[in-house]
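First the structure, in the form of structure tokens, and then the observations on it.
Numbering (our numbering), first residue to last: 596 to 1158.
Here is the structure:
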């Protein structure tokens, strides 16, 4: 009676597409449960899916060949695209801050891993097909594994006599210590350097406030003769129009507060509310008078402050100067919030879908602004599927463009890195016309987790079919040690150089460690163990360039050394 069910769930040497799908989803479900198991605050997370796949593959479960390849590529594409969309807005701005140093350290760590892999290739009998898989597992870099497999397949296509082993076997053996090794170095370094997390947080906050201050607000009383009778535009121009704004004005002896235009003439003992960079505000207060304690200017009886979502097509990809809210409605836009960043509302700033703008004005005027920008919470929850599909399409095309490099047996392709770069650019520049690139946090998280789970499930099942044989045949403990060397040597050098040479904040340094090894488990551990999100900021800064470098490195090693 239940033969159909037995046929559906039993291992089969020739599984149907339906059986393959059932196996993949079962692997993902079991793996997620395994990944939630914690031992001393450490868990495998989504990597548990791969180990569930290895066990099921060893038990005889297999995937239909075409289904395997399709699901693996779709999973990797979704994961990488979601990462690019997530980090895109802050990726370019990070280079204006500490990003150059952070990325230089991270890329240097990647290259040290490549050198270590090459040395192992020279001094051991292990082939580059296995070593590039061990390297990808040792640094927990899934896109690098995908790039290595693609490069090996490209060589085999051109040379039918070329035979290679699946790099996923070495990847699976090296991956566990790849996760634990980063965490181990974090804990040992904390002990060696005698780190006080509290002091590092205080140091970080002070450094950020000094170097990269967020917009601030202060009140100023007009008392300087030189400022009386001048327009706001004339005075603000002396400290830079892009650095400070006058958001509110109250005349002396009055309780009426207005949102002044740039042409407004200031009178003696007027009180103004300034928004902008702290140094520019202090300079302007010195020029105009003195800091005020007047509380009436913050009253919301006549004027109020509201935050609006940019969701209407008419406002997308328009600068604040083009929208000209000041002239049309007599309001002032003071700040723009984008992907966790707080920006001063400069006239040249272009608005993206999903931005939040803070506006000062009367209730009636603010209703007019809301009609222009949309402010639809419901629409913000709806991902624009056209943007996602076009982004994936462009990413695949970009990743397929061959680049000939002298000395290599085949052209190098960006591969999955093409999708990552495309997503970063689309996210940074906000889409094309009315096609926006905004994805809310839940949608990004779903794409990332579903994509990487799909990839891990297919890779694990395939590797598990011959896992024990490969371990015994290739003396798997040696592979584990090779992986440990690739994990630890570059990481120890990064820690010493970052802390002793560049005096980096330890919490930022461990974020670079996790990012250099594209290790989400290490990132999750650092956030939970050290109880701060500072590592996550450094992780996001180096993740994109590190991923691209690892993808290219895996291909170059294969093309240089295979055969």
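Positions of the beta carbon are idealized from the N, C-alpha and C atoms, including for glycine.
> Near residue 1044, which residues of its chain fall below 7 Å by C-beta distance, leaving aside the five closest residues on each side in sequence?
Replying inline: 641
>> Comparing C-alpha positions only, which one of 847, 1147, 994, 1136 sits nearest to residue 701?
In response: Checking every option, the nearest Cα to that of residue 701 belongs to 1136.
> What are the start and end residues of the alpha helix (DSSP H) that includes residue 838?
Replying inline: That residue, residue 838, is in no alpha helix (DSSP H); it is neither H nor E in DSSP.
> Can you name, in chain order, every residue of its own chain whose Cβ lies under 7 Å from the Cβ of residue 1118, other than the five neighbours on each side?
Replying inline: 1109, 1130, 1131, 1134
> Exposed or buried, which one is residue 654 when buried takes at least 16 other CB atoms within 10 Å?
Replying inline: exposed
> Grouping DSSP H, G and I as helix and E and B as strand, with all else coil, what is residue 858?
Replying inline: coil
> From this set, 1111, 786, 1099, 1112, which residue's C-alpha is nearest residue 796's C-alpha?
Replying inline: 1099
> In whole angstroms, what separates the C-alpha of residue 782 from that of residue 1127?
Replying inline: 15 Å
>> Considering Cα atoms alone, identify which of 735, 787, 780, 727 is closest to residue 759.
In response: Checking every option, the nearest Cα to that of residue 759 belongs to 727.
> If you draw a straight line from the C-alpha of residue 1124 to the C-alpha of residue 657, how long is it?
Replying inline: 39 Å
> Closest by CA to residue 716, which one among 1081, 877, 1095, 1092?
Replying inline: 1081
>> Short of 8 Å in beta carbon distance, which residues of its chain neighbour residue 1094, apart from the five on each side in sequence? Order them along the chain.
In response: 784, 788, 1101, 1104.
> Using the C-alpha atoms, what's the distance from residue 1070 back to residue 667?
Replying inline: 28 Å
> How about residue 1193 and residue 1153: do their beta carbons lie closer than 8 Å?
Replying inline: Since the first and last residues shown for the chain are 596 and 1158, residue 1193 lies out of range.
> What whole-angstrom Cβ distance do residue 940 and residue 930 have, given they're in contact under 8 Å?
Replying inline: 6 Å
> Taking buried to mean at least 16 other C-beta atoms within 10 Å of its own C-beta, is residue 753 buried or exposed?
Replying inline: exposed
>> Comparing C-alpha positions only, which one of 994, 1022, 887 sits nearest to residue 1143?
In response: Of the listed residues, the one whose Cα sits closest to residue 1143 is 994.
>> Measuring straight from C-alpha to C-alpha, what distance separates residue 990 and residue 925?
In response: 43 Å
> Can you list, in chain order, the stretches of the beta strand (DSSP E) that have 3 or more residues and sit fully within the segment 852-919?
Replying inline: 866-871, 884-886, 899-904
> Considering only C-alpha positions, which residue in the set 946, 906, 902, 932 is nearest to residue 912?
Replying inline: 946
> In this structure, does DSSP put residue 969 in helix, strand or coil?
Replying inline: Note: residue 969 maps to strand in three-state DSSP.
> If we ignore side chains and look at the alpha-carbon of each, how far apart do residue 1050 and residue 980 end up?
Replying inline: 22 Å
>> Considering only DSSP beta bridges, list what residue 813 is partnered with.
In response: 869
>> In the DSSP assignment, the beta strand (DSSP E) including residue 929 goes from what residue to what residue?
In response: Its beta strand (DSSP E) spans residues 927-933.
> Nearest CA to the CA of residue 982: which residue from 1020, 842, 883?
Replying inline: 1020
> Quick one: what does DSSP say residue 831 is sitting in, helix, strand or coil?
Replying inline: helix
> If you measure from the beta carbon of residue 1112 to each beta carbon in chain C, is any gap under 8 Å?
Replying inline: Absent here is chain C; the protein component of the structure consists of one chain.
> How many Å lie between residue 719 and residue 1061 at the Cα?
Replying inline: 22 Å
> What are the boundary residues of the beta strand (DSSP E) that includes residue 951?
Replying inline: In the DSSP assignment, residue 951 falls within the unbroken beta strand (DSSP E) covering 951-956.
>> Using 8 Å for Cβ pairs, my map puts residue 618 next to residue 1056. What's the rounded Cβ distance?
In response: That belief holds up - the Cβ atoms of residue 618 and residue 1056 are roughly 7 Å apart, short of 8 Å.
> Near residue 733, what residues of its chain come up, given a Cβ to Cβ distance below 6 Å and the 5 sequence neighbours on each side ignored?
Replying inline: 769, 773, 1078, 1081, 1082
>> Let's test the definition: count the other Cβ atoms within 10 Å of the Cβ of residue 693 and tell me whether it reaches 16, buried, or not, exposed.
In response: buried
>> DSSP three-state label for residue 945, please.
In response: strand
>> Please report the distance separating the alpha-carbon of residue 816 from that of residue 1022.
In response: 42 Å
> Can you name the residues that DSSP bridges to residue 974?
Replying inline: None, per the DSSP bridge assignment.
>> Residues in the same chain with beta-carbon distance under 6 Å from residue 1046, minus the five sequence neighbours each way, listed in chain order, please.
In response: Closer than 6 Å at Cβ, skipping near neighbours: 670, 673, 674.
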